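Chemist: From first to last, the protein sequence lines stand for chains A and B.
For the first sequence, numbering that gives the first Met the number 0 gives the first residue as 0, with consecutive numbering after it.
For the second sequence, numbering that gives the first Met the number 0 gives the first residue as 0, with consecutive numbering after it.
Can you keep this structure in mind? I'll have questions shortly.
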Amino acid sequence: MAEPVIRVRGLVNRFGAQTVHDGLDLDVMPGEILGVVGGSGTGKSVLMRSIIGLQPPTEGEIHVLGRQVTGHDATQDPELTRQWGVLFQGGALFSGLTVAENVQVPLKEYFRLSDTLMEEIAAYKVAMVGLPPEAGPKYPSELSGGMRKRAALARALSLDPKLLFLDEPTAGLDPISADGFDTLIRTLAQTLQLTVFLITHDLDTLNAICDRVAVIADRKIIASGTVAELTRFDHPWVREYFGGPRGRAAARARDVAHGGGLVEVG
Amino acid sequence: MPDSPQPESPGFHLSLDQDARRLSLAGRLGIAEAGRAETELAAALGSVAGALEIDLSGLERLDTVGAWLIHRTLRDRPGSELVAPSPQAKLLIAEVAAADRPLAQAEPPLPFVVRELDRLGLYIITFCQTLIAGLGFIGLTIVSAWQAAKSGRGVRWRAVTVQMEQVGVNALGIVGLMSFLIGIVLAQQGAVQLRQFGAEVFVINLVGRATFRELGILLTAIMVAGRSASAFAAQIGSMKLAEEVDAMRTIGLDPVEMLVLPRVIALVLMMPLLAFYASILAIVGGGLFAWADLGIPPATFAQRLREVVPMSDFWIGLSKAPVFGAIIAIIGCHQGFMVSGNAESVGQRTTLAVVQAIFIVIVLDAVFAVFYTALGFN
Numbered sequence: 000m001a002e003p004v005i006r007v008r009g010l011v012n013r014f015g016a017q018t019v020h021d022g023l024d025l026d027v028m029p030g031e032i033l034g035v036v037g038g039s040g041t042g043k044s045v046l047m048r049s050i051i052g053l054q055p056p057t058e059g060e061i062h063v064l065g066r067q068v069t070g071h072d073a074t075q076d077p078e079l080t081r082q083w084g085v086l087f088q089g090g091a092l093f094s095g096l097t098v099a100e101n102v103q104v105p106l107k108e109y110f111r112l113s114d115t116l117m118e119e120i121a122a123y124k125v126a127m128v129g130l131p132p133e134a135g136p137k138y139p140s141e142l143s144g145g146m147r148k149r150a151a152l153a154r155a156l157s158l159d160p161k162l163l164f165l166d167e168p169t170a171g172l173d174p175i176s177a178d179g180f181d182t183l184i185r186t187l188a189q190t191l192q193l194t195v196f197l198i199t200h201d202l203d204t205l206n207a208i209c210d211r212v213a214v215i216a217d218r219k220i221i222a223s224g225t226v227a228e229l230t231r232f233d234h235p236w237v238r239e240y241f242g243g244p245r246g247r248a249a250a251r252a253r254d255v256a257h258g259g260g261l262v263e264v265g
Numbered sequence: 000m001p002d003s004p005q006p007e008s009p010g011f012h013l014s015l016d017q018d019a020r021r022l023s024l025a026g027r028l029g030i031a032e033a034g035r036a037e038t039e040l041a042a043a044l045g046s047v048a049g050a051l052e053i054d055l056s057g058l059e060r061l062d063t064v065g066a067w068l069i070h071r072t073l074r075d076r077p078g079s080e081l082v083a084p085s086p087q088a089k090l091l092i093a094e095v096a097a098a099d100r101p102l103a104q105a106e107p108p109l110p111f112v113v114r115e116l117d118r119l120g121l122y123i124i125t126f127c128q129t130l131i132a133g134l135g136f137i138g139l140t141i142v143s144a145w146q147a148a149k150s151g152r153g154v155r156w157r158a159v160t161v162q163m164e165q166v167g168v169n170a171l172g173i174v175g176l177m178s179f180l181i182g183i184v185l186a187q188q189g190a191v192q193l194r195q196f197g198a199e200v201f202v203i204n205l206v207g208r209a210t211f212r213e214l215g216i217l218l219t220a221i222m223v224a225g226r227s228a229s230a231f232a233a234q235i236g237s238m239k240l241a242e243e244v245d246a247m248r249t250i251g252l253d254p255v256e257m258l259v260l261p262r263v264i265a266l267v268l269m270m271p272l273l274a275f276y277a278s279i280l281a282i283v284g285g286g287l288f289a290w291a292d293l294g295i296p297p298a299t300f301a302q303r304l305r306e307v308v309p310m311s312d313f314w315i316g317l318s319k320a321p322v323f324g325a326i327i328a329i330i331g332c333h334q335g336f337m338v339s340g341n342a343e344s345v346g347q348r349t350t351l352a353v354v355q356a357i358f359i360v361i362v363l364d365a366v367f368a369v370f371y372t373a374l375g376f377n
């Protein structure tokens, strides 16, 4: 069995008297797209921040790509920062740089490439995430929310990372853009053999692209599996989430899309 | 072109057969190899024209940057084709080929002279616009105050007291320390000059009159402009960015009444108190120096101070304080409301708020000096 790309053991995160995670375990295998779901305030973003080294956990061990994240500042480890790309919820583009320059920031940091090649890489990355060429010389403040997300994805992908972290990639997008984003991530993950750690509330995204879904509740990962498996899982929150009207609608849409309109789930 | 060799990447090889028709790529071709690969490709193909067969059979690993290099070669040499690409490589190359759209370029910069003239013109226009907008904002504040009073809503005293604490009480330490030290410096420098005439005792006139009439209030105003105008601009600016100001409007609250009035009132009330406190501490500093260095005991110092400093100095100084307070608060808030777009704008507006507030305070102080002298207060 392959080594997990992300391996979290006994993670504890405490803020004052409030315990967000208590003994959380999680494995993410190479090449899989893992969706992380949970109610608001269950610590999905804190989990992601812990894994990428922005939030030193109170206790516990985290390994990413075989390297230890906990116990030191992982963001100082170029072996890690070169191999992962992170899409933050608000995009977090550098506001003083144009879109093209934003995409080039990681390239300039790690590689010595000719200016032409750098420009070309920025151009095809920008086109790949579905932005028009006019977006290149624009500043983030001149873009709409959806375009900003795409530009941020282009920056996250600029180093052809092995591991991609996405924090609510489709939140705030219109349904058509969200579908486009889902397809985009699926295609990129397949062609680039990416491992994706994805936080989302979007049931359509879960159905469309996730190989596996992990549910955070009660300060732990309480279940993980395919969407179909989770619909049968017995936990109040999970039942309500997948069995609610939105969950059922999303499942129906998936079944129709997969040509299996007669399969009843949940 | 890269000016130094890439870090060792032995994984990539390219070779061209004798009649320069078949290009073979082997090993790893990824972003780490891209810099070297580009140079080698250019070197190998520089003198070769026409279509190529690109043999990918030896390629072990490819990413989008490698795929891009292959795609670029294919594109620039029409008629070229791939030999033995893996399905994975085919997919990647198709993927980047589909995304081959050069980015739009930003407008080219203007020539130097034109650009600088442009900037100067823009600066003058901005200056006039800011002046007019500032006057407009003062009017807006007065109207808001009038409406708040007329509608019977009155002033939000809770907000006012919070602001009074932040701009006044929390400034006590730094304003006091600054004034105390300025008092010492003034006395010391004055003493050095006056000693030449044996007139050290006039240090008391110098410290007393300068402090009460000018320095106490002016330095306090500059300090408050740096501390509070910037804080107001940043607070209101970030609220504007987070659409809090718009939210207030949609609920029917007047942002000027909610945000500006409490700050203006707080500074108008606190400035005279701060200025008085600063003057007293400067006197204490000067007095201590006079005692330590010139041997003038505090009792004599106080006695003499009462003889030489007319009460009018005190009132002139204090009369300026509320005006300075109001103008500092209004400039800070105005710049806060001018924030738009991104976080950088908050920084720019905060800086502008401080610069403008200090500038206007000094200009107004000069106006006051001329005014009171013309009235015959010497």
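Each residue gets a CB set at the ideal place from its N, CA and C atoms; glycine is no exception.
Note that this is a predicted model, so its numbers are computed, not measured.
If we call anything under 9 Å between Cβ atoms a contact, is B:V366 one with B:G207?
Modeler: Your numbering for residue 366 of chain B matches position 367 in the second sequence. Your numbering for residue 207 of chain B matches position 208 in the second sequence. No, these two residues do not count as a Cβ contact at 9 Å.
Chemist: Determine the chain B residues that contact A:G95 at a beta-carbon separation under 8 Å, and present them in chain order.
Modeler: Translated into the one-based positions of the first sequence, residue 95 of chain A becomes position 96. Neighbours of A:G95 on chain B, chain order: E343.
Chemist: Look up A:V262 in the DSSP assignment and say whether it is helix, strand or coil.
Modeler: Here residue 262 of chain A refers to the residue found at position 263 of the first sequence. Low confidence applies here, because A:V262 scores a pLDDT of 45, under 50, leaving its location unreliable; read the following figure in that light. It is coil, neither helix nor strand.
Chemist: Just curious, the beta strand (DSSP E) that A:Q17 is in, first and last residue?
Modeler: In the first sequence, counting from the first residue as 1, residue 17 of chain A sits at position 18. A:Q17 -> beta strand (DSSP E) spans Q17 to V27.
Chemist: If we require 3 or more residues per run, which beta strand (DSSP E) segments fall completely within the stretch 1-78 of chain B?
Modeler: Segments of the beta strand (DSSP E) lying fully in the stretch 1-78 of chain B: 11-15, 21-28 and 52-61.
Chemist: Using only alpha-carbon positions, find the residue among A:V237, A:E118, A:S94 and A:R154 that is nearest to A:Q82.
Modeler: Here residue 82 of chain A corresponds to residue number 83 of the first sequence, with the count starting at 1. Comparing Cα-Cα distances from A:Q82 to each of A:V237, A:E118, A:S94 and A:R154, the minimum goes to A:R154.
Chemist: Tell me which residues share the same chain as A:L152 and place their Cβ nearer than 6 Å to its Cβ, disregarding the 5 neighbours each side in the sequence.
Modeler: On the first sequence, position 153 is the one that residue 152 of chain A refers to. Only L86 and V128 meet the Cβ criterion.
Chemist: Along the chain, where does the beta strand (DSSP E) that runs through A:T194 open and close?
Modeler: Residue numbering aside, residue 194 of chain A sits at position 195 when the first sequence is read from its first letter. Taken as a continuous stretch (DSSP letters only), the beta strand (DSSP E) holding A:T194 covers T194 to I198.
Chemist: Under 9 Å between the Cβ atoms of B:L73 and B:A36?
Modeler: Within the second sequence, the letter at position 74 stands for residue 73 of chain B. Within the second sequence, the letter at position 37 stands for residue 36 of chain B. Not in contact: B:L73 and B:A36 (Cβ atoms no closer than 9 Å).
Chemist: Given that B:R100 touches chain A, what residues does it touch there, using C-beta distances under 9 Å?
Modeler: Taking the second sequence and counting its residues from 1, one reaches residue 100 of chain B at position 101. Under the 9 Å cutoff, chain A gives A122, Y123, V125, A126, P131 and P132.
Chemist: Checking 9 Å against the spacing of the C-beta atoms, do A:R211 and A:I61 come in under that value?
Modeler: Position 212 of the first sequence, counting from 1, holds the residue named residue 211 of chain A. Position 62 of the first sequence, counting from 1, holds the residue named residue 61 of chain A. Not a contact, by the Cβ cut-off of 9 Å.
Chemist: Between the alpha carbons of B:D2 and A:A121, how many angstroms are there, rounded?
Modeler: Here residue 2 of chain B corresponds to residue number 3 of the second sequence, with the count starting at 1. Here residue 121 of chain A corresponds to residue number 122 of the first sequence, with the count starting at 1. Its pLDDT being 41, under 50, B:D2 is placed unreliably by the model, and the measurement read from it follows with that caveat. Rounded to whole angstroms, B:D2 to A:A121 spans 21 Å at the Cα level.
Chemist: Name the residues in the stretch 19-30 of chain B whose C-beta lies less than 8 Å from a C-beta of chain A; which are they?
Modeler: Listed by position along the chain: G29 and I30.
Chemist: Going along the stretch 37-63 of chain B in order, which residues come within less than 7 Å of chain A, judged by CB to CB distance?
Modeler: Listed by position, the residues of the stretch 37-63 of chain B near chain A (Cβ gap below 7 Å) are E37, D62 and T63.
Chemist: If you count every other CB in all the chains shown that lies within 10 Å of the CB of B:F231, and 16 or more means buried, which is it?
Modeler: Locating residue 231 of chain B in the second sequence gives position 232, where the first residue counts as 1. With 16 or more Cβ atoms within 10 Å of its Cβ, B:F231 is classed as buried.
Chemist: Using a Cβ cut-off of 7 Å, pull out every chain A residue sitting near B:G340, in sequence order please.
Modeler: In the second sequence, residue 340 of chain B corresponds to position 341, counting from 1. Residues of chain A passing the Cβ test: S140.
Chemist: With DSSP run on the structure shown, which of helix, strand or coil describes B:L90?
Modeler: As a first step, residue 90 of chain B is located in the second sequence; it is residue number 91 there, counting from the start. Of the three classes helix, strand and coil, the one that applies to B:L90 here is helix, per DSSP.
Chemist: Please list, in chain order, the chain B residues whose beta carbon lies closer than 9 Å to that of A:E167.
Modeler: Position 168 of the first sequence, counting from 1, holds the residue named residue 167 of chain A. Going along chain B, no residue has its Cβ under 9 Å from A:E167, so there is no contact; the nearest lies around 18 Å.
Chemist: Can you find a C-beta in chain A that's less than 9 Å from the C-beta of B:Q104?
Modeler: Counted from its first residue, the second sequence places residue 104 of chain B at position 105. Yes, because at least one Cβ of chain A sits closer than 9 Å to the Cβ of B:Q104.
Chemist: Return the residues of the stretch 61-92 of chain A that lie within a Cβ-Cβ distance of less than 8 Å from chain B, sorted by chain order.
Modeler: Within the stretch 61-92 of chain A, no residue has a Cβ that lies closer than 8 Å to any Cβ of chain B.
Chemist: Answer with yes or no whether the minimum CB distance from A:G186 to chain B is below 9 Å.
Modeler: What you label residue 186 of chain A is simply residue 187 of the first sequence in a count that begins at 1. The sequence shown places Thr at residue 186 of chain A, not Gly. Yes, A:T186 counts as interfacial toward chain B.
Chemist: Using 9 Å as the threshold, is the C-beta distance between A:I208 and A:L193 below it?
Modeler: Along the first sequence, one-based indexing puts residue 208 of chain A at 209. Along the first sequence, one-based indexing puts residue 193 of chain A at 194. In this structure, A:L193 does not lie closer than 9 Å to A:I208 by Cβ.
Chemist: Would you kindly report the start and end of the unbroken alpha helix (DSSP H) that includes B:G207?
Modeler: Your numbering for residue 207 of chain B matches position 208 in the second sequence. Unbroken alpha helix (DSSP H) run through B:G207: V202 to A209.
Chemist: Determine, for A:D24, whether the minimum Cβ-Cβ distance to residues of chain B falls below 9 Å.
Modeler: Taking the first sequence and counting its residues from 1, one reaches residue 24 of chain A at position 25. No, A:D24 does not count as interfacial toward chain B.
Chemist: Measure the alpha-carbon distance for B:G286 versus B:P261 and round it to whole angstroms.
Modeler: The residue you call residue 286 of chain B lines up with position 287 of the second sequence. The residue you call residue 261 of chain B lines up with position 262 of the second sequence. So the alpha carbons of these two residues sit roughly 37 Å apart.
Chemist: In whole angstroms, what separates the C-alpha of B:P108 from that of A:G145?
Modeler: As a position in the second sequence, residue 108 of chain B is number 109, starting the count at 1. As a position in the first sequence, residue 145 of chain A is number 146, starting the count at 1. For B:P108 and A:G145, the distance between alpha carbons rounds to 30 Å.
Chemist: According to the Cβ coordinates, are B:G316 and B:F211 closer than 9 Å?
Modeler: Position 317 of the second sequence, counting from 1, holds the residue named residue 316 of chain B. Position 212 of the second sequence, counting from 1, holds the residue named residue 211 of chain B. Contact: yes.
Chemist: By a C-beta neighbour count over all protein chains shown, 10 Å radius and 16 as the cutoff for buried, is B:L236 buried or exposed?
Modeler: As a position in the second sequence, residue 236 of chain B is number 237, starting the count at 1. Sequence check: residue 236 of chain B is Gly here, not Leu. B:G236 should be labelled buried.
Chemist: Count the other CB atoms within 10 Å of the CB of A:E263; is the residue buried (16 or more) or exposed (fewer)?
Modeler: Residue mapping note: residue 263 of chain A aligns to position 264 of the first sequence, counting from 1. Caution applies to A:E263, whose pLDDT of 45 falls short of 50 and renders its modelled position unreliable; the value that the coordinates give is listed next. With fewer than 16 Cβ atoms within 10 Å of its Cβ, A:E263 is classed as exposed.
Chemist: Is there contact between the stretch 283-298 of chain B and the stretch 128-137 of chain B, where contact requires at least three CB pairs shorter than 8 Å?
Modeler: The stretch 283-298 of chain B is not in contact with the stretch 128-137 of chain B.
Chemist: Given 8 Å as the limit, tell me if B:D245 has its C-beta closer than that to any heavy atom belonging to the ligand GDP.
Modeler: Looking for the ligand GDP in the displayed structure turns up nothing, as the structure carries no ligands at all.
Chemist: Secondary structure at A:D166, three-state DSSP: helix, strand or coil?
Modeler: As a first step, residue 166 of chain A must be located in the first sequence, where it is residue number 167. Strand.
Chemist: Please list the partners that B:G34 has in chain A, where partner means a Cβ-to-Cβ separation under 9 Å.
Modeler: Within the second sequence, numbered from 1, the residue matching residue 34 of chain B stands at position 35. Here the neighbours are F110, R111, L112, S113 and L116.
Chemist: Under 8 Å by Cβ, that's how I've got A:V214 and A:S223 pegged, so tell me the actual separation to the nearest angstrom.
Modeler: Here residue 214 of chain A is taken as the residue at index 215 of the first sequence, counted from 1. Here residue 223 of chain A is taken as the residue at index 224 of the first sequence, counted from 1. Sure, about 7 Å apart at Cβ, within 8 Å.
Chemist: Hey, how far is the Cα of A:L156 from the Cα of B:A274?
Modeler: Walking along the first sequence from the start, residue 156 of chain A turns up at place 157. Walking along the second sequence from the start, residue 274 of chain B turns up at place 275. Rounded to whole angstroms, A:L156 to B:A274 spans 57 Å at the Cα level.
Chemist: Among the residues of its own chain, which have a CB less than 8 Å from the CB of A:T57, if the five just before and after it don't count?
Modeler: What you label residue 57 of chain A is simply residue 58 of the first sequence in a count that begins at 1. These residues qualify, in order along the chain: V11, N12 and R13.
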